[in-house]
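Right, one structure below, let's go through it.
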Amino acid sequence: MKLMKSLFAATAIVALAAGAAQGKQLVYCSEASPAHFDPGPLTGGNDFDATSHAIYNRLVEFVPGGTEVAPALAESWEISEDGLEITFKLRPGVKWHTTPYFTPTRDFNAEDVVFSFERQWKEDSVWYNYLEGMTWDYFQGMDMPKYLKEIVAVDDLTVKFVLTEPNAPMIANLAMDFASIVSKEYADKLEADGNLAAFSTQPVGTGPFMFVDYQLDTVIRYQAFADYWDGKQPIDDLVFAITTDPSVRAQRLLAGECDIMPYPAPADIAQLQNDPNLTVMEQEGLNIGYMSYNVTEPPFDNVNVRKALTMAIDKAAIIEAVYQGAGQDAKNLIPPTMWSYNDAIPADEYNPEEAKRLLEEAGVTDLTTDLWAMPVSRPYNPNAQRVAELIQSDWAAVGVNANIVSYEWTEYRERGKQEDRKGPFQIGWTGDNGDPDNFFATLFSCSAIGVSNYSMWCNDEFEALIQEAKTTSDQEKRAELYTKAQEIFKAEEPAMTLAHSRVFMPMKKTVLNYKMSPLGNHSFKGVDIQE
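Taking the working numbering, the leading residue of the sequence shown gets 1483, the next gets one more, and so forth.
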């Protein structure tokens, strides 16, 4: 009955969206509601799908289906011999969206680029804290304030990034979602109107689709931008039908109520693959599912306690039960498909008796702790609640009592980054740019504490290695440094690395030209639908 009610509601949603549609429409059953529509401070994959991959562009962007960087709002760029200046030549004639709430008077230019980054950087900007409690997690967590000296608008179509030191991943970093370019003219209008908050609810971009409306937790509607610099899209209307339960998403796809969906439950994949009306794309994910120990909180500040708790977990049983053939044991933070992967690192050993001994030796008896479980399915962890239950059982066998806690997805992440958080925290990551720095520095650098370093772990030796790796463009040298960093990570155990997953993307056979991204985003640029 519950499923029937869900399907009835879903049908009503799509019918509502279809009523406003003109021409070709594609319905995407997305997995979660966006926090808002300003990509700069956002961190979730579902947030970026709804914002930066539909509404906005960046100076450079990843080639669809890969990690190669290509021109976008910048037609070209040059890097100085000393690596300290990157000069971008901007694309002329790029139009901003015209919406019921904003009519632009000029094309995209260098002022927009400078504003897009300085609002995340300059604390005296009125935009730095324009939303209550906001943080610029990516900009801060990736140490952009450390590496940026200044950004200069040389002329309307030339902008120069001046760095404090060479930074090998910088171009790839600028293709990431947080680096989306926003309109300074629109921001100035909202500032003059005293309505800054509208920047996050009524977006204006240069991207392939224009925002139409959002019904909270239900549906987002977009319209193809006729004046898009790279040409109008084949589909006219794009609909995000928000469907949090993966099994309900699958049923909606099977029933023809949506055209494409992400993150099917492993138990549903075979049925989807066997349906003659569907195509199920798949690829190895550039991802990691892990559980962070808060190393600042006793007894998790003791490395032997962390090792004991990891040793008490039967990872193989969890991967079999939860991933059901679509996951592999993660012995390192980065996946084995990524360059610099250290295959010499030994896999975690499941040894409850040794775990008991280590806990007793550390004086830890009758430990009670929270154990955090994500409320959403992700490719790197399709069922965190079930993972938590299995860990809870494994820990009980060594005398540890775990209380499973969870919150709504946005709140879950915000609570998890608090430095006084109690208990191990399930989270994960899909790489943003194909560079190991995007895992090591973004997730476990000292500057990422309070942002995306949920372990609150700051190790001087690890930090020195990953920072040195940024300053050279020699990939062999960088790989050596990251290889050593993986050894330190494993020795210190700030997190239990659980699994890397295979990613599946089911869709109707009428969906044309969709390309899976190894970076985990869902873009509908260039996608068509056969009528």
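Heads up, the beta-carbon is just placed ideally off N, CA and C, and yes, glycines get one too.
### Query
Which stretch, first to last residue, makes up the alpha helix (DSSP H) that contains N1528?
In the sequence shown, the residue the question calls residue 1528 occupies position 46. Counting along the chain, the alpha helix (DSSP H) containing N1528 begins and ends at 1527-1532.
### T1726 versus S1515, D1529, L1853, residue with shortest Cα-Cα distance
Residue mapping note: residue 1726 aligns to position 244 of the sequence shown, counting from 1. The shortest C-alpha separation from T1726 is found at S1515.
### Message
Please state the DSSP three-state secondary structure of S1875.
### Response
Taking the first residue of the sequence shown as 1, we reach residue 1875 at position 393. Of the three classes helix, strand and coil, the one that applies to S1875 here is helix, per DSSP.
### Query
For A1951, which residues of its own chain have a beta-carbon under 7 Å away from its beta-carbon, when the five flanking residues on both sides are left out?
In the sequence shown, residue 1951 corresponds to position 469, counting from 1. These residues qualify, in order along the chain: D1919, R1960, L1963, Y1964.
### Query
Within 10 angstroms of its Cβ, does K1991 collect 16 or more other Cβ (buried), or is it exposed?
Walking along the sequence shown from the start, residue 1991 turns up at place 509. Exposed.
#### Entry: Beta-carbon contacts of A1884 that lie in its chain and below 7 Å, excluding the five residues immediately before and after
Taking the sequence shown and counting its residues from 1, one reaches residue 1884 at position 402. Around A1884: T1851, L1853, I1873, Q1874, W1877.
#### Entry: C-beta atoms of F1971 and F1907 nearer than 9 Å
The residue you call residue 1971 lines up with position 489 of the sequence shown. The residue you call residue 1907 lines up with position 425 of the sequence shown. No, they are not a contact pair.
### Task
Give the single residue among K1642, P1586, D1637 whose Cα lies nearest to the Cα of F1599.
The sequence position of residue 1599 within the sequence shown is 117, counting from 1. Ranking the options by Cα distance to F1599, first place goes to K1642.
### Task
Would you give the residue range spanned by the beta strand (DSSP E) that S1983 belongs to?
The residue labelled residue 1983 in the question sits at position 501 within the sequence shown. Residues 1977-1990.
### Query
Three-state secondary structure (DSSP) at V2009?
Taking the first residue of the sequence shown as position 1, residue 2009 is located at position 527. It is coil, neither helix nor strand.
### Query
Can you pull the DSSP bridge partners for A1559?
As a first step, residue 1559 is located in the sequence shown; it is residue number 77 there, counting from the start. Residue identity differs from the one stated: residue 1559 is Trp in this sequence, not Ala. F1570, per the DSSP bridge assignment.
### Query
At which residues does the alpha helix (DSSP H) containing N1786 begin and terminate?
Locating residue 1786 in the sequence shown gives position 304, counting from the first residue. From DSSP, the alpha helix (DSSP H) with N1786 extends over 1785-1793.
#### Entry: Three-way DSSP call (helix, strand, coil) for E1779 in this model
Taking the sequence shown and counting its residues from 1, one reaches residue 1779 at position 297. In this structure, E1779 counts as coil in the three-state DSSP scheme.
### Message
In chain order, what are the residue ranges of uninterrupted alpha helix (DSSP H) at least 4 long that sit wholly in the segment 1881-1930?
### Response
1891-1898, 1919-1926
### Task
Write down the C-beta distance between P1834 and A1794 rounded to the nearest angstrom, noting that I regard them as a contact closer than 8 Å.
Within the sequence shown, the letter at position 352 stands for residue 1834. Within the sequence shown, the letter at position 312 stands for residue 1794. That pair is a contact at about 5 Å.
### Task
Grab the span of the alpha helix (DSSP H) containing A1654 for me, first residue to last.
For this step, residue 1654 is matched to residue 172 along the sequence shown. Per DSSP, A1654 belongs to the alpha helix (DSSP H) from 1652-1655.
### Buried/exposed call for N1756, threshold 16 Cβ in 10 Å
Along the sequence shown, read from residue 1 onward, the residue named residue 1756 stands at position 274. Exposed, by the Cβ-count rule.
### Query
At what residues does the alpha helix (DSSP H) containing W1939 begin and finish?
The sequence position of residue 1939 within the sequence shown is 457, counting from 1. No alpha helix (DSSP H) holds W1939; DSSP gives it neither H nor E.
#### Entry: Given A1973 as reference, the closest of P1780, N1814, V1576 once Cα atoms are compared
Residue mapping note: residue 1973 aligns to position 491 of the sequence shown, counting from 1. For A1973, the nearest C-alpha among the options comes from N1814.
### Query
So does the segment 1643-1658 actually touch the segment 1584-1591, counting three or more Cβ pairs closer than 8 Å?
no
### Query
How big is the Cα-Cα spacing for E1557 and Y1510?
Within the sequence shown, numbered from 1, the residue matching residue 1557 stands at position 75. Within the sequence shown, numbered from 1, the residue matching residue 1510 stands at position 28. About 31 Å.
### Query
Nearest to V1644 by CA position, among D1531, V1636, E1632, D1520, is which residue?
As a first step, residue 1644 is located in the sequence shown; it is residue number 162 there, counting from the start. Cα-wise, what sits closest to V1644 is E1632.
### alpha helix (DSSP H) runs contained entirely in the segment 1782-1869, provided each spans 4 or more residues
1785-1793, 1797-1800, 1834-1843
#### Entry: Beta-carbon proximity of E1593 to D1638, cut-off 9 Å
Against the sequence shown, residue 1593 aligns to sequence position 111. Against the sequence shown, residue 1638 aligns to sequence position 156. It is a contact, given that the beta carbons lie within the stated cut-off.
#### Entry: the segment 1672-1691 touching the segment 1702-1718, judged by at least three CB pairs closer than 8 Å
yes
### Query
Which of the three DSSP states, helix, strand or coil, is assigned to D1586?
For the purposes of this step, residue 1586 is taken as residue 104 along the sequence shown, with counting starting at 1. It is worth fixing the name first, because residue 1586 is Pro in this sequence and not Asp. Correct three-state label for P1586: coil.
### Message
Taking the straight line between their C-alpha atoms, what separation do you get for I1663 and I1537?
### Response
Position 181 of the sequence shown, counted from the first residue, corresponds to residue 1663. Position 55 of the sequence shown, counted from the first residue, corresponds to residue 1537. The straight-line gap from Cα to Cα measures roughly 10 Å.
### Exposure label - K2007; buried when at least 16 CB within 10 Å
What you label residue 2007 is simply residue 525 of the sequence shown in a count that begins at 1. So K2007 ends up on the buried side.
### Query
Taking L1841 as the reference, which of L1791, D1796, V1887 has the closest Cα?
For this step, residue 1841 is matched to residue 359 along the sequence shown. Minimum Cα distance to L1841 is reached at L1791.
### Query
Does the Cβ of N1824 have 16 or more other Cβ atoms within 10 Å, making it buried, or fewer, making it exposed?
Within the sequence shown, numbered from 1, the residue matching residue 1824 stands at position 342. By the neighbour-count rule (16 or more Cβ atoms within 10 Å), N1824 is buried.
### Task
Give me the Cα-Cα distance between N1941 and F1922, rounded to the nearest whole angstrom.
Residue numbering aside, residue 1941 sits at position 459 when the sequence shown is read from its first letter. Residue numbering aside, residue 1922 sits at position 440 when the sequence shown is read from its first letter. C-alpha separation (whole angstroms): 12 Å.
### Message
For a minimum of 4 consecutive residues, which ranges assigned as the alpha helix (DSSP H) are wholly contained in the segment 1690-1745?
### Response
1728-1736
#### Entry: beta strand (DSSP E) runs contained entirely in the segment 1614-1670, provided each spans 3 or more residues
1630-1637, 1640-1645
### Query
What are the start and end residues of the beta strand (DSSP E) that includes L1754?
Within the sequence shown, numbered from 1, the residue matching residue 1754 stands at position 272. Taken as a continuous stretch (DSSP letters only), L1754 belongs to no beta strand (DSSP E), being part of the alpha helix (DSSP H) at 1751-1756.
#### Entry: Reduced DSSP secondary structure (H/G/I, E/B, other) of L1678
As a first step, residue 1678 is located in the sequence shown; it is residue number 196 there, counting from the start. Three-state DSSP puts L1678 in a helix.
### Message
Taking a contact to mean a Cβ-Cβ separation below 9 Å, would you say N1776 touches R1897 in this structure?
### Response
Counting from 1 along the sequence shown, the entry for residue 1776 is found at position 294. Counting from 1 along the sequence shown, the entry for residue 1897 is found at position 415. Result no, Cβ atoms of N1776 and R1897 do not sit closer than 9 Å.
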